[in-house]
Amino acid sequence: MAVILDGKKLRDKIFANLKAKTDSMPVKPTLAVILAGDNPSSIIYVNNKKKCAEKLGINSTVITYSSDVKESELLNKVNELNNNKNVTAILVQLPLPEHINQFNIIDAIAPEKDVDGLTTYNSGKLFSGEKPFVYPCTPKGIMLLLDEYGIEIEGKHAVVIGRSNLVGKPVAQMLLNRNATVTMCHSKTKNLSDITKTADILISAVGKKIIGENMLKNNCVVIDVGIFRDDRGKISGDVDFEAASKIASYITPVPGGVGPMTIASLMLNTVELAANS
Ligand code: NAP
Numbered sequence: 018m019a020v021i022l023d024g025k026k027l028r029d030k031i032f033a034n035l036k037a038k039t040d041s042m043p044v045k046p047t048l049a050v051i052l053a054g055d056n057p058s059s060i061i062y063v064n065n066k067k068k069c070a071e072k073l074g075i076n077s078t079v080i081t082y083s084s085d086v087k088e089s090e091l092l093n094k095v096n097e098l099n100n101n102k103n104v105t106a107i108l109v110q111l112p113l114p115e116h117i118n119q120f121n122i123i124d125a126i127a128p129e130k131d132v133d134g135l136t137t138y139n140s141g142k143l144f145s146g147e148k149p150f151v152y153p154c155t156p157k158g159i160m161l162l163l164d165e166y167g168i169e170i171e172g173k174h175a176v177v178i179g180r181s182n183l184v185g186k187p188v189a190q191m192l193l194n195r196n197a198t199v200t201m202c203h204s205k206t207k208n209l210s211d212i213t214k215t216a217d218i219l220i221s222a223v224g225k226k227i228i229g230e231n232m233l234k235n236n237c238v239v240i241d242v243g244i245f246r247d248d249r250g251k252i253s254g255d256v257d258f259e260a261a262s263k264i265a266s267y268i269t270p271v272p273g274g275v276g277p278m279t280i281a282s283l284m285l286n287t288v289e290l291a292a293n294s
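Count the sequence shown with this note's numbering and you get residues 18 to 294, in order.
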């Protein structure tokens, strides 16, 4: 049976170290979160982030807008936060309402306060193999988890399913920067299982149940990023966990794998930006 890559356990270890670090910081980090609209998942995520920050001695403030907010209002707020010396990290909760150009808002964040690492500056650094101010949270969390369990990356065939700017593209680049041979797949990929069967490390970031046992190589490492509610309302991942656990050498559960690592990385990034400010 596969070893479980325990994101909760590693998150708690990271939090214990972070608390010790923030306790000794003369100026506490301050995370400002912009939340626009009434997406129920976004509201839960933002509340969790705020609670988590407070537990770790990080100041946090949430600025909320209704779903008909104008793009110019959000841009003005981002600029104001950029110029506020007390704010060390800025996060724009995604998705934004449909009429807002998400890219414009994200890219207005000062790179040295861009806690998600999604601005053109920070992603450009990542894609050039240079060090950004911080790495995007979910990909960073995945890499921390692989490293915690001593999983070798160099020379391995990593298959990434999903090509979002948030997860798929940056995690593929981070694996490439660590000398993996990377294949990217998406909704137009043909014969997906022929490709996944060759993966030493399989990362699925889709949001649908697409990975079954006949799609895996023996002893592969499976990282399931997907999180959604199935037909019965139960939280589920992209991978058939029961079946995959019998084939893989390591696997992340959903929940309890990548999710806790995303929040751990957000807190790490917040403290890192404050320490370098
Ligand atoms: P996204 O922007 O919706 O991207 C989904 C990707 O999946 C797209 O690239 C899409 O391809 C691809 N795809 C869709 N159907 C496919 C299929 N049948 N075969 C192969 N590829 C397919 O999503 P995201 O923001 O990256 O998030 C992906 C999942 O991860 C979601 O469930 C999300 O909730 C979850 N997530 C979890 C965390 C966490 O902390 N655990 C963090 C972020 C996201 P095209 O590009 O061709 O459309």
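Idealized CB from N, CA, C, for every residue including glycine.
Every value quoted in this text rests on a predicted model; they were computed, and no experiment measured them.
Selection from the options that minimises the alpha carbon distance to residue i
i      : options                           : result
ASN34  : GLY74, VAL271, LYS214 and TYR62   : GLY74
SER221 : LYS207, SER210 and ILE240         : ILE240
VAL199 : GLU171, LYS205, SER210 and GLY224 : GLU171
VAL275 : ILE117, LEU98, GLY158 and ASP29   : GLY158
GLY24  : PRO270, ALA292, ASN293 and THR287 : PRO270
ASN286 : ILE107, ASN118 and VAL20          : ILE107
THR110 : ALA49, PRO272 and ASP257          : First, the residue type needs correcting, since residue 110 is Gln and not Thr in the sequence shown. Of the listed residues, the one whose Cα sits closest to GLN110 is ALA49.
LYS234 : ASP248, ARG249 and ILE218         : ILE218
PRO187 : CYS154, ASN99, ILE123 and ALA127  : CYS154
ILE117 : SER140, LYS66 and LEU91           : LEU91
PRO112 : MET42, ILE123 and ASN99           : ILE123
Sequence-distant residues of its chain with Cβ nearer than 6 Å to residue i (five each side left out)
i      : result
TYR82  : ALA53
ILE227 : ASP255
LYS142 : PRO149
GLY146 : ASN194
ASN236 : SER266
SER138 : A small fix is needed here, since residue 138 is Tyr in this sequence, not Ser. Same-chain partners within the cutoff: PRO128.
VAL86  : ALA53
ASP257 : GLY229
SER210 : MET232
Sequence-distant residues of the same chain with beta carbon closer than 8 Å to residue i, five excluded per side
i      : result
MET284 : ILE31, PHE32, LEU35, CYS69, ALA70, LEU73 and ILE75
SER84  : ALA53, GLY54, ASP55 and PRO114
HIS203 : ILE178, GLY179, ARG180 and GLY185
ARG28  : PRO277, MET278, ILE280 and ALA281
LYS225 : GLY243, PHE245 and ASP255
VAL19  : In the sequence on display, residue 19 carries Ala and not Val. Taken in chain order, the residues that qualify are VAL239, ALA261, SER262, LYS263, ILE264, ALA265, SER266, TYR267 and ILE268.
Same chain, Cβ closer than 7 Å to residue i, neighbours up to 5 away in sequence not counted
i      : result
GLU289 : VAL151
ALA189 : VAL177, VAL199 and MET201
Reduced DSSP secondary structure (H/G/I, E/B, other) of residue i
i      : result
VAL184 : coil
MET18  : coil
VAL63  : helix
ALA260 : helix
LEU285 : helix
ALA33  : helix
SER89  : helix
SER266 : coil
SER77  : strand
VAL271 : coil
**Complete alpha helix (DSSP H) runs within the stretch 220-257 (minimum length 4 residues, chain order)** = Entirely contained in the stretch 220-257, not one alpha helix (DSSP H) run reaches 4 residues.
**Message:** What ranges does the beta strand (DSSP E) occupy inside the stretch 93-137, keeping only unbroken runs of at least 3 residues that lie completely in it?
**Reply:** Counting whole runs of 3 or more residues, the stretch 93-137 contains the beta strand (DSSP E) stretches 106-109.
**Request:** Pick out the complete beta strand (DSSP E) segments inside the stretch 135-215, 3 residues or longer, and give them in chain order.
**Result:** 174-178 and 198-202
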